[in-house]
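Chemist: My questions will all concern the structure given below.
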């Protein structure tokens, strides 16, 4: 019974010596003719079923590699996975984002649950089902996927316990984000637990990183004040100071893309040792800039487990290539404003946010050294953290460093 696997601590890595009572099987793209053409193709606008299983089981590993003439193919191939005969997929996400990096970029990295490894794309998320599974890949590109290789390993079991929730992963994008409203990573209804996300963020202003001043806020079961309230976007992904030392990958968190020139960030945080449970609903959000003062291009994959049915209203990807295609960072000399109008107010907002971040850093440094410059007298971190835009503007003007 699969529930015994999830409920028994010995089923973890430390229990590798414990006898297993499942049958291991693998679906792959091997050449059924006996030749060496061990791949499938997907025509423009077409789809392929990469895996279909009857009965009960649990997918334990997925590996892909992909090739196409379309440089944005990692965003234009959509993975859709269905459990137990459902009509709405529990997994619906662009190919590359699911494995840890957005913007249709390949980034070599490994986490405990997924990664991109020397040309391969791998997932170890457990994906249980009691009455069949179907895994599809859809090609939204106008170019063919010439090579899609895959191995899907799963445990065949007699049954899945009632206490075992289903794996979900949904992609969401807001371009541009809305002034004054948090970006939504996940909205789910029912009972389950949030297990992480991949976020990809791009500023309309080249070279700007002030959007990272946004805090995460996670609301559980309809609460008005978030149970989890963070201190900054890079802090949530376990980095600091605008990811001062660049890209890295760790078991539960990492920075897979850090493009200072085009102001692009892609990062993952996996709540595997610190899953966030919910009984009725959950809303996982992130500010974009302090107090949502900026409009940017944000997208994300949320990973979670829940008992069915799930809400089909969140994370649906239309068959619209423009919805998933990243903005023009591949083309030299592009301007974000050529694709999405950047409101003039954003220029001032970025300036104020940047100066406020400098003030906060200066205040921290002065506090540690025990030497407070006269310009910082009366200023506190709480003031900088809690002020709205007009309040920040006044603080910046009042405490701006004097020119020598």
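Numbering (the numbering used here), first residue to last: 2 to 405.
Yeah, the Cβ is synthetic: ideal placement off N, Cα and C, and Gly gets one too.
The model shown is predicted, which means the values in this text are computed figures rather than measured ones.
#1: Report the start-end ranges of each beta strand (DSSP E) in the region 240-285 that is 3 residues or longer and not cut off at the edges.
#2: Using a threshold of 8 Å, state whether the C-beta atoms of residue 357 and residue 393 are closer than that.
#3: Can you list, in chain order, the residues of its chain whose CB lies under 6 Å from that of residue 276, leaving out five sequence neighbours each side?
#4: Identify the residues that DSSP records as bridge partners of residue 58: which are they?
#5: Taking the beta strand (DSSP E) that residue 122 belongs to, which residues open and close that run?
#6: Between residue 145 and the rest of its own chain, which residues show a CB-CB distance below 8 Å, the 5 nearest in sequence each way excluded?
#7: Can you tell me whether residue 242 is buried or exposed, with buried defined as 16 or more other CB within 10 angstroms of its CB?
#8: Sort out for me which residues DSSP pairs residue 26 with in a bridge.
#9: Quick one: what's got a C-beta closer than 7 Å to residue 327's C-beta in the same chain, skipping five residues either side?
#10: Taking the alpha-carbon positions, what's the residue 396 to residue 224 distance?
#11: How is residue 357 classed by DSSP in three states: helix, strand or coil?
#12: With a floor of 4 residues, list each alpha helix (DSSP H) that falls wholly inside the region 46-93, ordered by position along the chain.
#13: So what does DSSP say about residue 148, is it helix, strand or coil?
#14: If you follow the beta strand (DSSP E) that residue 107 is in, where does it begin and where does it stop?
#15: Got a sec? Which residues, its chain only, sit under 7 Å from residue 39 by beta carbon, not counting five neighbours each side?
#16: What distance in whole Å lies between the Cβ atoms of residue 251 and residue 390, which are believed to be in contact at a cut-off of 8 Å?
#17: Roughly how many angstroms lie between the CA atoms of residue 192 and residue 222, to the nearest whole one?
#18: With H, G and I counted as helix, E and B as strand and the rest as coil, what does DSSP make of residue 166?
#19: Within 10 Å of its beta-carbon, does residue 360 have 16 or more other beta-carbons around it, so buried, or fewer, so exposed?
#20: Have a look at residue 84 and residue 237 and give me their C-alpha separation to the nearest angstrom.
#21: Looking at the structure shown, is residue 143 part of a helix, part of a strand, or coil, going by DSSP?
#22: Mind checking whether residue 61 and residue 154 have CB atoms under 8 Å apart?
#23: Can you give the Cα-Cα distance for residue 16 and residue 401, rounded to whole angstroms?
#24: Beta-carbon within less than 6 Å of residue 206's beta-carbon, same chain only, minus the 5 sequence neighbours each way: which residues are those?
#25: Grab me the residues of residue 119's own chain with a C-beta within less than 7 Å of its C-beta, minus the 5 sequence neighbours each way, in chain order.
#26: At which residues does the beta strand (DSSP E) containing residue 220 begin and terminate?
#27: Give every residue of the same chain whose Cβ lies closer than 7 Å to the Cβ of residue 55, excluding the five residues on either side of it in the sequence, and list them in chain order.
#28: By DSSP's criteria, residue 199 is part of a beta bridge. Which residues make up the other side?
#29: Return yes when the Cβ of residue 185 is within less than 8 Å of the Cβ of residue 286, no when it is not.
#30: For residue 127, I'd like the list of residues in its chain whose CB is within less than 8 Å of its CB, leaving aside the five on either flank, ordered along the chain.
#31: Under DSSP, the beta strand (DSSP E) around residue 184 begins and ends at which residues?
#32: Please classify residue 35 as buried or exposed, where buried requires at least 16 other C-beta atoms within 10 Å of its C-beta.
#33: Name the one or two DSSP bridge partners that residue 229 has.
#34: Applying the criterion that 16 or more other CB atoms from any shown protein chain within 10 Å of the CB defines a buried residue, is residue 97 buried or exposed?
#35: Put residue 235 into one of helix, strand or coil per three-state DSSP.
#36: Take residue 187 and list the residues in its own chain whose beta-carbon comes closer than 6 Å to its own, dropping the five residues that flank it on each side.
Modeler: Put simply:
#1: 254-260, 265-271, 277-279
#2: Residue mapping note: residue 357 aligns to position 356 of the chain shown, counting from 1. Residue mapping note: residue 393 aligns to position 392 of the chain shown, counting from 1. Yes, the pair counts as a contact, with Cβ atoms nearer than the cut-off.
#3: Walking along the chain shown from the start, residue 276 turns up at place 275. Cβ neighbours of residue 276 beyond the five flanking positions: 194, 196.
#4: For the purposes of this step, residue 58 is identified with residue 57 of the chain shown, where counting begins at 1. Answer by DSSP bridge pairing, in chain order: 130, 157.
#5: Position 121 of the chain shown, counting from 1, holds the residue named residue 122. 121-124 is the span of the beta strand (DSSP E), which, as asked, contains residue 122.
#6: Taking the first residue of the chain shown as 1, we reach residue 145 at position 144. Hits under 8 Å: 42, 43, 44, 45, 69, 70.
#7: Here residue 242 refers to the residue found at position 241 when the chain shown is read from its first residue. Residue 242 is exposed by the Cβ-count criterion.
#8: Position 25 of the chain shown, counted from the first residue, corresponds to residue 26. Answer is 155.
#9: Position 326 of the chain shown, counted from the first residue, corresponds to residue 327. If we look at residue 327 and ignore the five residues flanking it on each side, its Cβ neighbours are 73, 76, 104, 105.
#10: Working through the chain shown from its first residue, we reach residue 396 at position 395. Working through the chain shown from its first residue, we reach residue 224 at position 223. Residue 396 and residue 224: Cα-Cα distance of roughly 32 Å.
#11: Within the chain shown, residue 357 is the residue found at index 356, counting from 1. Helix at residue 357.
#12: 74-77
#13: For the purposes of this step, residue 148 is taken as the residue at position 147 of the chain shown. The answer is strand: DSSP assigns residue 148 an E or B state.
#14: In the chain shown, the residue the question calls residue 107 occupies position 106. Residue 107 -> no beta strand (DSSP E), and no H or E assigned at all.
#15: Counting from 1 along the chain shown, the entry for residue 39 is found at position 38. 30, 31, 32, 150, listed in sequence order.
#16: Against the chain shown, residue 390 aligns to sequence position 389. Against the chain shown, residue 251 aligns to sequence position 250. In fact, because the Cβ distance is near 34 Å, the residues do not count as touching under 8 Å.
#17: Position 191 of the chain shown, counted from the first residue, corresponds to residue 192. Position 221 of the chain shown, counted from the first residue, corresponds to residue 222. Spanning the two alpha carbons is a distance of roughly 10 Å.
#18: The residue labelled residue 166 in the question sits at position 165 within the chain shown. It is coil, neither helix nor strand.
#19: The sequence position of residue 360 within the chain shown is 359, counting from 1. Classification for residue 360: buried.
#20: For the purposes of this step, residue 84 is taken as residue 83 along the chain shown, with counting starting at 1. For the purposes of this step, residue 237 is taken as residue 236 along the chain shown, with counting starting at 1. Spanning the two alpha carbons is a distance of roughly 31 Å.
#21: For the purposes of this step, residue 143 is taken as residue 142 along the chain shown, with counting starting at 1. Residue 143 falls in the coil class under three-state DSSP.
#22: Residue 61 sits at position 60 when you count from the first residue of the chain shown. Residue 154 sits at position 153 when you count from the first residue of the chain shown. Taking 8 Å as the Cβ cut-off, residue 61 and residue 154 qualify as a contacting pair.
#23: The residue you call residue 16 lines up with position 15 of the chain shown. The residue you call residue 401 lines up with position 400 of the chain shown. Using only the alpha carbons, I get a separation of about 58 Å.
#24: Taking the first residue of the chain shown as position 1, residue 206 is located at position 205. So the list reads 351, once near-sequence residues are dropped.
#25: Taking the first residue of the chain shown as 1, we reach residue 119 at position 118. Within the same chain, residue 119 has close Cβ partners 109.
#26: Here residue 220 refers to the residue found at position 219 of the chain shown. Looking at the DSSP string, the run of the beta strand (DSSP E) that includes residue 220 is 217-221.
#27: As a position in the chain shown, residue 55 is number 54, starting the count at 1. Around residue 55: 133.
#28: By one-based count along the chain shown, residue 199 stands at place 198. BP columns for residue 199 point to 269, 302.
#29: To locate residue 286, count along the chain shown from 1; it is residue 285. To locate residue 185, count along the chain shown from 1; it is residue 184. Yes, the pair counts as a contact, with Cβ atoms nearer than the cut-off.
#30: Start at 1 with the first residue of the chain shown, and residue 127 comes out as number 126. 7, 59, 60, 61, 168.
#31: The count along the chain shown starts at 1 and reaches residue 184 at position 183. Segment 184-190, the beta strand (DSSP E) holding residue 184.
#32: To locate residue 35, count along the chain shown from 1; it is residue 34. Classification of residue 35: exposed, given that the 10 Å Cβ count is below 16.
#33: For the purposes of this step, residue 229 is identified with residue 228 of the chain shown, where counting begins at 1. Its beta-bridge partners are 219.
#34: Translated into the one-based positions of the chain shown, residue 97 becomes position 96. Residue 97 should be labelled buried.
#35: Reading the chain shown from its first residue, position 234 is the one you call residue 235. In this structure, residue 235 counts as helix in the three-state DSSP scheme.
#36: Position 186 of the chain shown, counted from the start, is the residue given in the question as residue 187. Within the same chain, residue 187 has close Cβ partners 285, 303.
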